[in-house]
Amino acid sequence: MVEMEEDNEGMDSKTRLNQFCQRYCLRPVTRKDILYSTTKFGNKQYQSIVRLNCMESQEYAGELCEAPKDAEKSAAQQALKAFQAVIASLPAGKPVKKKPPPSELDEVNKQIADAENPALTDKVKLNALCMRIAKRPLEKGETIYETQQLGVGKNPSGYQATVRLPCLPEDWAMKLFAGEVCQNKQAAEQSAAGIALKALEEDQALCALAEEKVPKKPSEKEGKKAKGKSWKGWWVSKGGPDLPRELVSEAPVAATVLEWKGSFGWVKLSQPLEHPAASKREGKVYLHRQDLKDGKELLVEGEMVFVSLYTDSMGLGAAEA
Numbered sequence: 001m002v003e004m005e006e007d008n009e010g011m012d013s014k015t016r017l018n019q020f021c022q023r024y025c026l027r028p029v030t031r032k033d034i035l036y037s038t039t040k041f042g043n044k045q046y047q048s049i050v051r052l053n054c055m056e057s058q059e060y061a062g063e064l065c066e067a068p069k070d071a072e073k074s075a076a077q078q079a080l081k082a083f084q085a086v087i088a089s090l091p092a093g094k095p096v097k098k099k100p101p102p103s104e105l106d107e108v109n110k111q112i113a114d115a116e117n118p119a120l121t122d123k124v125k126l127n128a129l130c131m132r133i134a135k136r137p138l139e140k141g142e143t144i145y146e147t148q149q150l151g152v153g154k155n156p157s158g159y160q161a162t163v164r165l166p167c168l169p170e171d172w173a174m175k176l177f178a179g180e181v182c183q184n185k186q187a188a189e190q191s192a193a194g195i196a197l198k199a200l201e202e203d204q205a206l207c208a209l210a211e212e213k214v215p216k217k218p219s220e221k222e223g224k225k226a227k228g229k230s231w232k233g234w235w236v237s238k239g240g241p242d243l244p245r246e247l248v249s250e251a252p253v254a255a256t257v258l259e260w261k262g263s264f265g266w267v268k269l270s271q272p273l274e275h276p277a278a279s280k281r282e283g284k285v286y287l288h289r290q291d292l293k294d295g296k297e298l299l300v301e302g303e304m305v306f307v308s309l310y311t312d313s314m315g316l317g318a319a320e321a
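At the far end of the sequence shown sits residue 321, using full-length UniProt numbering, and the numbering has no gaps.
Put into structure tokens, the structure is as follows:
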């Protein structure tokens, strides 16, 4: 259960976000200015995204919560954290200087303004791009930052962070992006996010995927025949463990669990497999939670399992035998 923060006056994060937007925009906000969309995962898991139409339509995803209202508050809390520097710069009780209307800004000035906006950090941009590529809100553990302190003692020589993005397709899910050495952990994570963001933006296939429009939900008659699930009014085709499969071997094969990432993981076969798909992903084989036996929810790194093998459009996969 995510604990919601309140300020000294007892206001929850949604109220504080509303007040911040009013001060920033120099006007009362309307229902269309701050929009929340909530998605249900499983039995009692909810995740919300808040869209700030009054602030260039930026979006922020909250953590998984047990109630829809808490999910909205979590999303508002993430937005407030992203705008923390902006909030701190606002004079108490005084509105920020009003910006000229967009019609008075040319494209160059807009790009400069975006670059100087402290809320649009590389971590925020990376998260937004990953959501556009995945076509869904991200779950906890799908952007993984790890920071290492360099040097010892009270005066370390610096920090270096890495980021992995399991939410991305195919080999991108296993890539590790390392940032530069920085003076603090926050800067180190931003550096790693910047390296990852640049790599993603330079890949034409990922950029094309990010720009793809998800088809609208079909009519009720068509929906009975269609396969997939809805998210925020869009109709998303099935993927991951729900892709069409072609059986490779029914005979159980021994494998070792390399890592587990919440709802899926990677295993390595004990014996080499002669198959065109076996060379992909550096020999790692995909295994989803729904393919585990006896109601298990996860596997432990280093655990030995017996699996049957299949292929789909993404590569080689396994199901516990």
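Backbone N, C-alpha and C define an ideal beta-carbon position, used for all residues, glycine too.
Q183 carries a coil assignment under DSSP once its states are collapsed to helix, strand and coil.
Annotation for S308: the continuous beta strand (DSSP E) segment containing it runs M304 to D312.
Non-local C-beta neighbours of L80 in its own chain, meaning closer than 8 Å and more than five positions away in sequence, comprise S13, R16, L17, F20 and I87, ordered along the chain. Between P137 and V163, the alpha-carbon positions lie close to 18 Å from each other.
The C-beta of V285 has 16 or more other C-beta atoms within 10 Å across all chains shown, which makes the residue buried. W172 is positioned such that its CB atom lies no closer than 9 Å to that of L126.
In this structure F41 is exposed. Its beta-carbon is surrounded by fewer than 16 other beta-carbon atoms within 10 angstroms. Taking 4 residues as the minimum length, the stretch 247-284 contains no alpha helix (DSSP H) run wholly inside it. If you compare the alpha carbons of L165, D122, Q149 and S157 with that of E142, the shortest gap goes to L165.
Annotation for R16: the continuous alpha helix (DSSP H) segment containing it runs S13 to C25. Rounded to whole angstroms, the gap between the alpha carbons of L35 and G10 is 23 Å. Following the DSSP letters along the chain, one finds Q148 inside the beta strand (DSSP E) bounded by residues I144 to L150.
Annotated three-state conformation of G295 is coil, per DSSP.
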